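Working notes, structure below.
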């Protein structure tokens, strides 16, 4: 038994998963879980939804209380800032000066919200952590004109919340359609109409020129191709940047994320990485970046196993979800590169799935309020099975029959 | 505060005091109860907070359509008392409820 601990940098979904999976896989040595935020691990997805709507309190977002972690003999240290890694000595050095030797090191440093020039004005926020959301929630109480920059999941989920709170809401999206990285044009258009029906002004191909302030507070959002937008609250949903600097400074390969294999191994056999901070090197040589709970959980499990010499790669089909108003969007696989799309259910009823095929084979499904299609799709895609397009479009055909 | 008894997959009974309005999922995860994954953190999107309700079942509101659809896809055996813990909110009436967690959630 090594006397040095396994040290995990980052106490979010991925870091917590590594710690607990190490215990369930049988590691009996010390585990130290380091968080830079002052909080115990918490559920991040409800921040942009239930928390801002007042449907869940901060305490209800707790993923594990410090006492629960202590019972599993996991040492949680919060408010910790790491300065650098000494790979030769296998030591972590903290910003306040002390250091910590490690047996194995896991980087689960997450990602940070991308920002924009001028975003330092009061009333302009990124939405990533609990503290962001506490400030946004307070600002939302008094705001009247809310402008959301970016028509992705975070921006649109927040737009839905702000509308439910009765605010005037505009979404500025630079691209030609909503959620373009994640869904097909058909789904983008359906969501544009959903938001329009709820009274959100969606502006596509918006060209931002400046955030203009008065006395240090946001006053207007200015565009090159449209009138100034009076705004007293601006939320940025323009993507994230992987926190890979610690790894890069230590000489580990990074490319918009810490490069890992499908078990979360980095180029250093004593260092692993999991979650939003990673970019996974695939068999065809490409790099895959996923920003999702599933990725954090599955990479976390894979890393814990790999540290203990077991091979449990993360190979499942990627899935995501997003809640906007009463529409639950669940995505599995990809729509990118499809040559055929069929619809199951009825988009006009708000319950349907778009099935995407390439050369007759299923590659992905986007479901709106059709959880049964999504769950069947996850199993089908994981097993490399495919309905025919005709079967997928026929609501009377039971997809689960293909799994029997 | 009301009491919930969670029975972990290994058979250990864990008593937790839960505030009104908290879901059984929130109570189990924050207390680190084994056998609960809750990947979607309560959005009814993942079916990994499956549980068997062993008492007070008659006091629970019937599952909604989306919960029923997810229950069709739980990893462990679905039984007549299967529910998703994220959809059950605690109240005084449920004081003493006993909930068993399955051996697998994924």
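Protein chains in written order, with the numbering used here: chain A, 1 to 404; chain B, 405 to 510. The beta carbon of each residue, even a glycine, is placed where N, CA and C say it ideally should be. Model, not experiment: these values are computed from the prediction.
Taking only three categories from DSSP, how would you classify residue i?
i: residue 123/A; result: coil
i: residue 141/A; result: helix
i: residue 375/A; result: helix
i: residue 278/A; result: strand
i: residue 181/A; result: coil
i: residue 321/A; result: strand
i: residue 456/B; result: strand
i: residue 329/A; result: strand
i: residue 347/A; result: helix
i: residue 80/A; result: coil
i: residue 230/A; result: strand
i: residue 509/B; result: coil
i: residue 356/A; result: strand
i: residue 195/A; result: helix
i: residue 266/A; result: coil
i: residue 114/A; result: coil
i: residue 101/A; result: strand
i: residue 474/B; result: helix
i: residue 91/A; result: strand
i: residue 429/B; result: helix
i: residue 71/A; result: helix
i: residue 298/A; result: helix
i: residue 214/A; result: strand
i: residue 148/A; result: strand
i: residue 254/A; result: strand
i: residue 273/A; result: strand
i: residue 164/A; result: helix
Output needed for residue i: all residues of its chain with C-beta closer than 8 Å, excluding positions within five of it in sequence on either side, in chain order.
i: residue 315/A; result: 262
i: residue 479/B; result: 451, 452, 454, 506, 508, 509, 510
i: residue 266/A; result: 107, 247, 252, 253, 258, 259, 260, 272, 273
i: residue 412/B; result: 418, 437, 438, 439, 505
i: residue 287/A; result: 255, 256, 257, 259, 279, 280, 281
Beta-carbon within less than 7 Å of residue i's beta-carbon, same chain only, minus the 5 sequence neighbours each way: which residues are those?
i: residue 346/A; result: 352
i: residue 293/A; result: 13, 45
i: residue 237/A; result: 127, 148, 149, 150, 152, 154, 155, 158
i: residue 406/A; result: Residue 406/A is absent from the structure shown; chain A starts at 1 and stops at 404.
i: residue 118/A; result: 210, 211
i: residue 135/A; result: 125
i: residue 432/B; result: 410, 440, 489
i: residue 268/A; result: 87, 252
i: residue 5/A; result: 29, 30, 31, 32, 102, 103
i: residue 301/A; result: 17, 21, 312
Hey, out of the options, whose CA is closest to residue i's CA?
i: residue 102/A; options: 87/A, 109/A, 111/A, 108/A; result: 87/A
i: residue 448/A; options: 210/A, 311/A, 335/A, 379/A; result: Absent from the structure is residue 448/A, since the part of chain A shown begins at 1 and ends at 404.
i: residue 341/A; options: 360/A, 197/A, 155/A; result: 360/A
i: residue 129/A; options: 74/A, 76/A, 52/A; result: 52/A
i: residue 470/B; options: 328/A, 213/A, 121/A; result: 328/A
i: residue 60/A; options: 416/B, 408/B, 426/B, 407/B; result: 426/B
i: residue 333/A; options: 381/A, 276/A, 114/A; result: 381/A
i: residue 38/A; options: 17/A, 28/A, 62/A, 24/A; result: 62/A
i: residue 50/A; options: 448/B, 456/B, 457/B; result: 448/B
i: residue 245/A; options: 112/A, 214/A, 17/A, 375/A; result: 112/A
i: residue 335/A; options: 377/A, 196/A, 240/A, 371/A; result: 377/A
i: residue 208/A; options: 193/A, 229/A, 168/A; result: 229/A
i: residue 464/B; options: 473/B, 481/B, 423/B, 503/B; result: 503/B
i: residue 484/B; options: 415/B, 457/B, 423/B, 408/B; result: 457/B
Can the beta-carbon of residue i be found less than 7 Å from the beta-carbon of residue j?
i: residue 369/A; j: residue 384/A; result: no
i: residue 290/A; j: residue 318/A; result: yes
i: residue 453/B; j: residue 429/B; result: yes
i: residue 82/A; j: residue 9/A; result: yes
i: residue 367/A; j: residue 330/A; result: yes
i: residue 304/A; j: residue 21/A; result: yes
i: residue 264/A; j: residue 270/A; result: no
i: residue 225/A; j: residue 212/A; result: no
i: residue 486/B; j: residue 475/B; result: yes
i: residue 434/B; j: residue 499/B; result: no
i: residue 65/A; j: residue 40/A; result: yes
i: residue 7/A; j: residue 92/A; result: yes
i: residue 421/B; j: residue 495/B; result: no
Just confirm the distance between the C-beta atoms of residue i and residue j, as a whole number of angstroms; I'd bet it's less than 8 Å.
i: residue 492/A; j: residue 234/A; result: In the structure displayed, chain A extends from 1 to 404; residue 492/A sits before or after that span and is not available.
i: residue 344/A; j: residue 373/A; result: 6 Å
i: residue 325/A; j: residue 198/A; result: 6 Å
i: residue 276/A; j: residue 250/A; result: Actually they do not touch by this definition, with Cβ atoms about 19 Å apart.
For residue i, I'd like the list of residues in its chain whose CB is within less than 6 Å of its CB, leaving aside the five on either flank, ordered along the chain.
i: residue 74/A; result: 19, 31, 33
i: residue 441/B; result: 452, 509
i: residue 35/A; result: 11, 78
i: residue 55/A; result: none
i: residue 122/A; result: 216, 217
i: residue 191/A; result: 178
i: residue 160/A; result: 324, 325
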